[in-house]
Amino acid sequence: MSIPFSSKRSKVASLALMLALCLAVPAVAAEFSARVIHKMQGRELRGQAFVKADKVRQQMEIEGGAAVTILRPDKQLVWLLFPLQKTYLEMPFKPEEMGSLLTAPQDRSRWKLLGAETLQGYDVDKYEISMTMSGKEVKTFIWLSKKLNAPLRMTTGDGSFTMEYLDIKEGGQDDALFELPPGYQKMSLPMKMP
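When the sequence shown is numbered by our numbering, its final residue is 196 and no position is left out of the sequence of numbers.
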């Protein structure tokens with residue numbers, strides 16, 4: 003099934019890439035669910051997040067519709083689900099091929115510890131991460147939970163994007179949350195015009 007790549011889907015794809023950036027940090031996180039808030043370009047998106055080891059699912063309400071992003075590093079994939087249409091997009095997730103946006107968080111030599119804080123009742127270490135994008139030095143700040151081994155907050159140096167987990171509930175997460183639901187049809191992106 004091929005459908006036009008609408009602005010709504012562009013926003014979801016952008017959100018998926020930011021999700022990948024936010025969650026490229028932990029190799030293996032604890033299992034938990036939380037409310038999640040994304041602030042991007044003056045807009046605020048709210049939803050739910052579910053984390054199990056290196057798998058992450060975020061469900062967001064975007065312009066009256068739901069969008070679900072499932073990050074599966076074990077399969078090197080990101081799925082973008084559109085529940086109302088029962089469709090999904092599949093994108094490759096290979097941090098090593100995506101440039102410093104995703105590989106810099108893995109390179110701890112680019113991390114600078116700024117201090118220890120408490121966030122949402124968790125002890126966190128605040129880090130500044132430096133990366134080079136399009137020849138420019140870019141800084142990102144993360145608050146990494148020692149217990150959960152996951153970032154509880156992330157913000158870009160210029161403040162244009164922020165992600166934060168709230169109301170964290172530790173505990174096992176159902177494996178089905180991180181799989182494609184039955185009955186969903188895969189969409190293909192249209193070819194770009196020359």
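Virtual Cβ for every residue (Gly too), placed ideally from N, Cα, C.
Per the DSSP calculation, Tyr124 is bridged to which residue(s)? If you number the sequence shown from 1, residue 124 lands on position 122. The partner list for Tyr124 (beta bridge, DSSP) reads Leu121.
Apart from the five residues just before and just after Glu99, which ones in its own chain have a Cβ nearer than 6 Å to its Cβ? Along the sequence shown, one-based indexing puts residue 99 at 97. Below a pLDDT of 50, predicted positions are generally treated as unreliable, and Glu99, at 47, falls in that range; the measurement from the model is reported next regardless. None.
Minimum C-alpha distance to Asn151 - residue among Arg45, Ala178 and Val53: To locate residue 151, count along the sequence shown from 1; it is residue 149. The shortest C-alpha to C-alpha distance from Asn151 to any of Arg45, Ala178 and Val53 is the one to Val53.
Among the residues of its own chain, which have a CB less than 7 Å from the CB of Leu116, if the five just before and after it don't count? Against the sequence shown, residue 116 aligns to sequence position 114. Same-chain partners within the cutoff: Lys128, Tyr129 and Glu130.
Could you check which residue in Lys171, Leu86 and Tyr167 has the C-alpha nearest to that of Glu63? Position 61 of the sequence shown holds residue 63. Selected option, being the one with the closest Cα: Leu86.
Would you identify the three-state DSSP class for Ala178, choosing helix, strand or coil? Here the question's residue 178 lines up with position 176 in the sequence shown. Three-state result, Ala178: helix.
Given Pro153 as reference, the closest of Thr89, Glu166 and Trp113 once Cα atoms are compared: Looking up residue 153 in the sequence shown gives position 151. Cα-wise, what sits closest to Pro153 is Glu166.
Cβ-based neighbour list, Asp177, same chain, cut-off 6 Å, excluding 5 preceding and 5 following: One-based indexing of the sequence shown puts residue 177 at position 175. Same-chain partners within the cutoff: there are none.
Among the residues of its own chain, which have a CB less than 8 Å from the CB of Glu139, if the five just before and after it don't count? Translated into positions along the sequence shown, residue 139 becomes position 137. Within the same chain, Cβ atoms closer than 8 Å to the Cβ of Glu139 are found at Ser132 and Met133, the five residues on either side in sequence being excluded.
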